[in-house]
Structures are given as structure tokens and as C-alpha cells.
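In what follows, a single structure is set out as C-alpha cells and then discussed.
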Amino acid sequence: MVPQLLSLALMMWIPRAAAPNPDLNATLARFERECLGKGGAPCEALQAELEQALYRELMVMYLGGKDPDHRVLRVAARAQLPDLAAFALRRLARWQAAEDAPIAGTGLDSPYPAVRSAASELARSINHPQLQRLAARSRGSREGSGTGLVPDEAPHAKTLGTSTYPGSSYSFAASRQDLAVYRTSDGPEKVLAYFTKGRRVLSGAELASLRKQKGGKKHDDAMAQAMIQAVMSGQDPQAAMKQMMESAQAQDVDWTTGIEGVEGISSPRYVVLEEAGPQKVPSRVVSVYRDEALGATAVAFRLLPPLPSLAGPSKAAKVDPAYLQALQELQMRTD
Numbered sequence: 004m005v006p007q008l009l010s011l012a013l014m015m016w017i018p019r020a021a022a023p024n025p026d027l028n029a030t031l032a033r034f035e036r037e038c039l040g041k042g043g044a045p046c047e048a049l050q051a052e053l054e055q056a057l058y059r060e061l062m063v064m065y066l067g068g069k070d071p072d073h074r075v076l077r078v079a080a081r082a083q084l085p086d087l088a089a090f091a092l093r094r095l096a097r098w099q100a101a102e103d104a105p106i107a108g109t110g111l112d113s114p115y116p117a118v119r120s121a122a123s124e125l126a127r128s129i130n131h132p133q134l135q136r137l138a139a140r141s142r143g144s145r146e147g148s149g150t151g152l153v154p155d156e157a158p159h160a161k162t163l164g165t166s167t168y169p170g171s172s173y174s175f176a177a178s179r180q181d182l183a184v185y186r187t188s189d190g191p192e193k194v195l196a197y198f199t200k201g202r203r204v205l206s207g208a209e210l211a212s213l214r215k216q217k218g219g220k221k222h223d224d225a226m227a228q229a230m231i232q233a234v235m236s237g238q239d240p241q242a243a244m245k246q247m248m249e250s251a252q253a254q255d256v257d258w259t260t261g262i263e264g265v266e267g268i269s270s271p272r273y274v275v276l277e278e279a280g281p282q283k284v285p286s287r288v289v290s291v292y293r294d295e296a297l298g299a300t301a302v303a304f305r306l307l308p309p310l311p312s313l314a315g316p317s318k319a320a321k322v323d324p325a326y327l328q329a330l331q332e333l334q335m336r337t338d
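If you're matching positions, the sequence shown starts at 4 in the working numbering and goes up one per residue.
Right, here's the structure in full:
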């Protein structure tokens, strides 16, 4: 929240308070004297204290049947305190004012699920197509996710499997549990060129067709053969099993869900970053498309659940000769 706006909101509220609060007046005076146009830890602490005070008093007004002033709510909706921001955003939805659209847009991209959920409510109350599309993208606070007052974090490069596009920013509004979406002002072709570098680029239909072709018994037999050959050549069975599990997981992933057919998303293309198994099943894919809800190019990474840990021999362990003989017999029967 901009310090000047917080000061204004409190000055508007204090004369309406049920009882004078000398301590709050003193804190506000110090804040105006020392922090307007400035920053730093002491000012952040004072701002947090004043936001808490504003939240308490607005709740008192609300529970007493009084609607807080629209101007005060507009300031409170930009608070750093997620409780205050979420409360103000929900109360603003009652006004259905077009002038509140930028406030809703900012709230939709908050790291706090409770704030995103409240901003979605405000966005749906305003006749603003782009905001309403973005509200539809926003995951908000879901049932079972707690209070929504713990901030989400952008995934790390290790989770994504690659680095993000230079200069892009994470979109809390457009991301989901299984999809990390970044936005950039660069055009889709420029972003595609960054990721392609000799890799395959597919449409959604081509990716779906490829997934169908590589599935079924033929894929399973190929994986079994690859595992047998890996172990017979001295590879750690645990490592071979991990490769087989990665390929099986990749085969089950629908890389296009939440992208294809979604209103506002146009011409999505998919770059195959990694492949798994003897049939080269896509196991890491980045999607690039224009998203009118974001008003930008979107770069989307599918987030795969971690594979279960495997207990087994270390890479240095020797494989039992009888086990190798059994694998050889199995290979002969499957040839």
C-alpha cells in the first residue's frame, strides 16, 4: 500500500471511531512525519501496525452493520496485510464500480490465495471481459487449502526442469497446481525461438496424436525390453526402473489440459524439452501462446508430481547371476 494512501484512509476513519485512540493517533503522526515518501524496515513495521489497526476498526464497523467508506476500501484493498486486502476486496464487490477494475487486477495476481479469491469475486461483479477471463484462470483459495493467508511461491527452475524465459514474471493469477504460467511482453515467435533450439515444436493436435500412438501394449513391451537390456548390460536396476517410471508417467500426462480450448488463449504451441523411454515419449514440455486474459504472451510449464522413491541396490551393487539368467529367459520369450 502506498504510504500516503494509508495515511489518508486512517485520517478519514479516525473521526468516525467509536472511541478515541491516542496511541493510534501518535503512531499515525509518527508515520506521516517519518515515512511518507520513504521506506526501510522501521517504516514497514509502522505500516504493518497501522494496517492492523485499520483492519480491526473496519471489522468493528462491518459487524456493527455499517458499510465502510468506498474510498477507504479502495485503499485497504491494496494493503500488504492479506486479511485487510481480502476483506476490502470483498466489500468492494458490493459497489460493482468499473473504477475498481485495476484494483481487482492487482489482487488477482497476489501470492495470497485468500486475496486472489476475494479479487475474483470483485472481478466477477464488474463488466470487464479481460478481468473476468483472468478471474476464471485464477485458482484463488480452494477448499481444504486452509485460511489462504500463507503466500504461494513461484516454482524453482529445478521443479520446472529448465530456466524460465528471460525477463518473464510468474503469474499467480493464471497458474494452477499443475501449471506454472509466466508472462512476457515479447511475442510468441521470439519466445518459441528461445526454447526451440533444435527441439520439436508441436500443436495440441499433434501432441495428442503422438501420445495416442505411443501408448498401449507396444509401449509397455518396449519399456520392459529396455529395462531388461539395461540390467543385463550392468546398469543399476533401480536406475532402469526409474527411467521406466518416468516414461510411464509422461505417457499419462495430458500436456494440453487447461490450455487448449480455453477462452482468450490463441495458437498454443508445445516445445518438447525432454523425452523418456525407447519410444521418445515427451516427458517435459513448455507451452507458448497468446493469452488475452493476461494481455501478454504466456509461457506455461506443466508441473509433474514427484516420482516415488525407490529402495534397492546402489549403483555399485552387483546383480545376482540367477536374476540375470531369469531376465535372459524372459527376453527370449518376449522377442
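Where a beta carbon is used, it is the ideal one built from N, C-alpha and C, also for glycine.
DSSP-derived helix/strand/coil call for residue i
i, result
"Phe-3", "The requested residue 3 is not part of the displayed model; the chain covers only 4 to 338."
"Asp-26", "helix"
"Asp-181", "coil"
"Val-256", "coil"
"Val-265", "coil"
"Leu-61", "helix"
"Thr-165", "coil"
"Ser-212", "helix"
"Cys-2", "There is simply no residue 2 to check, as the chain begins at 4 and stops at 338 in what is shown."
"Glu-156", "coil"
"Gln-55", "helix"
"Gly-143", "Unreliable placement is indicated for Gly-143, whose pLDDT of 46 sits below 50; no coordinate value is reported for it."
"Leu-31", "helix"
"Pro-308", "coil"
"Ala-296", "coil"
Residue range of the unbroken beta strand (DSSP E) whose run includes residue i
i, result
"Pro-271", "268-279"
Opposing strand residues paired with residue i [DSSP bridges]
i, result
"Pro-285", "Glu-278"
"Leu-205", "Tyr-273"
"Val-291", "Arg-272, Val-302"
"Thr-199", "According to DSSP, Thr-199 bridges with nothing at all."
"Arg-186", "Ser-172, Ala-301"
Where the alpha helix (DSSP H) through residue i begins and ends
i, result
"Tyr-115", "That residue, Tyr-115, is in no alpha helix (DSSP H); it is neither H nor E in DSSP."
"Thr-300", "That residue, Thr-300, is in no alpha helix (DSSP H); its beta strand (DSSP E) goes 299-305."
"Pro-85", "85-95"
"Leu-134", "132-140"
"Leu-76", "73-79"
"Ala-82", "Where Ala-82 is concerned, there is no enclosing alpha helix (DSSP H), given that its DSSP letter is neither H nor E."
Cβ of residue i within 8 Å of any chain C Cβ
i, result
"Asn-28", "Note that chain C does not occur in the displayed structure, where there is just one protein chain."
* Give a yes or no on contact between the stretch 32-43 and the stretch 58-70, applying the rule of three or more CB pairs nearer than 8 Å. => no
* Can we say the stretch 99-115 touches the stretch 259-270, given the rule of at least three CB pairs closer than 8 Å? -> no
* Asked: Below 8 Å, can you find three or more Cβ-Cβ pairs linking the stretch 122-131 to the stretch 149-158?
  -> no
* Decide yes or no for the touch test of the stretch 287-294 against the stretch 125-134: beta carbon pairs closer than 8 Å, at least 3 of them. => no
* Within the chosen definition, does the stretch 201-210 reach the stretch 169-189 through at least 3 CB pairs nearer than 8 Å? -> no
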